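Residue numbers (full-length UniProt numbering): 1 to 389. Built from N, CA and C at the ideal position, the CB exists for glycine as well. Bear in mind the structure is a predicted one, so any value in this text is a computation, not a measurement.
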């Protein structure tokens, strides 16, 4: 008869007991390994910045109490130029869109150069530091010109200008008004500009009546506004620079060029050394309705192609719980313009079935997620019901 000690030894030597012992050793090894790995991970987390924080640092802060101001510079009537009959559509659609995005809209309509500048200065002074960003929509006649006195203008950089009610003003000066130096309250915040205006090349240094379609002369003068001297072109001859078969074009309505009266002989081929300076500053996004040297278009019932496509793409997104960066949205805007928008001007064959390519320039350092503010998305609480118990 076996003693209890010998029985225990025999049990330990059985296959089942050996297997059990091996499993215990494996479990002990796993626990030790997990503990070691946990300590290693903890040490790494102490040495490296939080991944979550890094991700948030790649997005502009849109959690301020206010969204910001949206400036609308819309010109439809000019002292010496043709009217832009569809500018009202731009106002209507852009106001609806930017108010849905919680912007405070300021409309500057049909201003003279000096009045426009004064209004922009006033807005600059009233910008609040507790806002997310600034937006600006510009809809007007426009062009690329050289304002230098060099004889060889083919080697000179061109500047984009906007037509005001009584002249023109450099686009760069409008953008510069809100850069970090001129508007410190917006430092580190995105500033977005959407420009519905032509970018055709106009040679203004040696203009003659034959070169500029019926004749149009202006002198470069400087006007004092506050402490600033702003360059403004003042029209000398009251002859429309943009007058060309306007009735025919309006009758077509489908795809009206913003500057339909431009003499195409002034749209010159560009040498490699000739280029247009694009106004863009840190934390800026600038979107034009056409590429350099090209015409911008508008339609009856739609307005400018850029403003129309911007409205349509955003309105579709606002009906969904979207989480898409602004650059992705604007890429869709460019795609919509390229695929769906086309002129219908059979009475002017040179314009018929034309396209337009929107262009984006930016110096953003983070992503923009532009959505209605949270208070617009959270439903208001219902009435409190008292218990009958």
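Assigned with DSSP and collapsed to three states, residue 334 falls in helix.
With fewer than 16 other beta carbons inside 10 angstroms of its own, residue 57 counts as exposed.
Across the set 128, 92, 364, the C-alpha of 364 shows the shortest separation from the C-alpha of residue 327.
Taking 8 Å as the cut-off, the beta carbon of residue 99 is found no closer than this to the beta carbon of residue 74.
The bridge partners DSSP lists for residue 170 are 161. The C-alpha of residue 178 is placed about 10 Å away from the C-alpha of residue 284.
When the Cα atoms are used, residue 297 and residue 354 turn out to be separated by approximately 9 Å. If you check the CB distance, residue 138 and residue 86 do not come in under 8 Å. About 19 Å separates the beta carbon of residue 322 from that of residue 93, a gap too long to meet the 8 Å contact definition. The C-beta separation of residue 175 from residue 279 comes to about 5 Å, placing the pair in contact by the 8 Å criterion.
Per DSSP, residue 142 is not a residue of any alpha helix (DSSP H); the beta strand (DSSP E) it occupies stretches across 142-145.
Counting of Cβ neighbours within 10 angstroms places residue 89 among the buried residues, the total reaching 16 or more. Distance from the Cα of residue 140 is smallest, within the candidate group 289, 300, 60, 367, for 289.
DSSP places residue 359 inside the beta strand (DSSP E), whose first and last residues are 359-362. In this structure, residue 119 lies away from residue 164, with their beta-carbon atoms at least 8 Å apart. Per DSSP, the unbroken alpha helix (DSSP H) holding residue 308 starts and ends at 305-318. CA-CA distance, residue 169 to residue 77, rounds to 16 Å. Here residue 129 is exposed. Its C-beta has fewer than 16 other C-beta atoms within 10 Å. The three-state secondary structure of residue 340, taken from DSSP, is helix. In this structure, the beta-carbon distance from residue 131 to residue 191 does not fall below 8 Å. A straight line joining the alpha-carbon of residue 319 with that of residue 372 spans about 11 Å. In chain order, 309, 310, 313 place their CB closer than 6 Å to the CB of residue 333, counting only its own chain and leaving out the 5 sequence neighbours on each side.
For residue 159 and residue 361, the gap between their C-alpha atoms comes out near 15 Å. Across the set 186, 116, 104, the C-alpha of 104 shows the shortest separation from the C-alpha of residue 67. Residue state for residue 90 is assigned as helix, using DSSP reduced to three classes.
Residue 24 is classed as exposed because its beta carbon has fewer than 16 other beta carbons within 10 Å across all chains shown. Here the alpha carbon of residue 122 sits roughly 33 Å from the alpha carbon of residue 331. Under a 10 Å Cβ-count criterion, residue 16 is classified as exposed, with fewer than 16 other Cβ atoms of the shown protein chains found around its own Cβ. Approximately 7 Å separates the beta-carbon atoms of residue 106 and residue 72; this is inside 8 Å, confirming the contact. With a cutoff of 8 Å on beta-carbon distance, residue 79 and residue 124 are scored as not near each other. DSSP places residue 113 in the uninterrupted alpha helix (DSSP H) bounded by 113-126. Burial is judged here by how many other beta carbons sit within 10 angstroms of a residue's own beta carbon; residue 277 has fewer than 16 and is exposed.
DSSP lists 73 as the bridge partner or partners of residue 108.
For residue 18, the three-state secondary structure derived from DSSP is helix. A straight-line Cα-Cα distance of about 29 Å links residue 97 and residue 144.
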